[in-house]
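**Q** Just passing along the structure, written as C-alpha cells.
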Amino acid sequence: MNKITKIKITKEEYKNISKYTAIPIGIVFLEEKKGCYLQGNKEDFEKLLDKLSNYFVEHGIDKKEEINAIGYNIERLIDKLSIIYDEN
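Just so you know, we're using the numbering used here here: the sequence shown kicks off at 5 and counts up by one.
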C-alpha cells in the first residue's frame, strides 16, 4: 500500500514547480486554512524530483557552470520535497 504524503509549500513554490515542469498526475495541490500542500505518494514525488533535477541540469546552471537564479529556486524546491526520504 502506498502511503500518501502531504508536504507544506507556498503558493509561490507551487507556481515555480508548475513553471519548471509538469506535475505528475498523482500529485494534488491542496489549499487549506492552515496552508498549501502537495499531496501524493512517494513514487509520484520521486517522479517530480527527477523532473526538477532534469530541469536544473538543463536550465539551472549558466555557461560558467555556476548556479543561476533558476538553479537556486530548484535547489530549494528539491530540498523541501526530499522530505519524502525522511519519512518511514
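Yeah, the Cβ is synthetic: ideal placement off N, Cα and C, and Gly gets one too.
For Gly44 versus Ile71, is the C-beta distance shorter than 9 Å?
**A** Indexing the sequence shown from 1 puts residue 44 at position 40. Indexing the sequence shown from 1 puts residue 71 at position 67. The answer is no: Cβ separation not under 9 Å.
**Q** Alpha carbon to alpha carbon, what distance is there between Leu81 and Ser22?
**A** Stepping through the sequence shown from its first residue, residue 22 is reached at position 18. Stepping through the sequence shown from its first residue, residue 81 is reached at position 77. Roughly 12 Å separates the two Cα atoms.
**Q** Is Gly44 helix, strand or coil when you go by DSSP?
**A** For the purposes of this step, residue 44 is identified with residue 40 of the sequence shown, where counting begins at 1. Gly44 falls in the strand class under three-state DSSP.
**Q** Quick check on the burial criterion: 16 or more other C-beta atoms within 10 angstroms. Buried or exposed for Asn77?
**A** As a first step, residue 77 must be located in the sequence shown, where it is residue number 73. That one is buried.
**Q** Mapping the DSSP letters down to three states, classify Lys7 as helix, strand or coil.
**A** Within the sequence shown, residue 7 is the residue found at index 3, counting from 1. Residue state, collapsed to three classes: coil.
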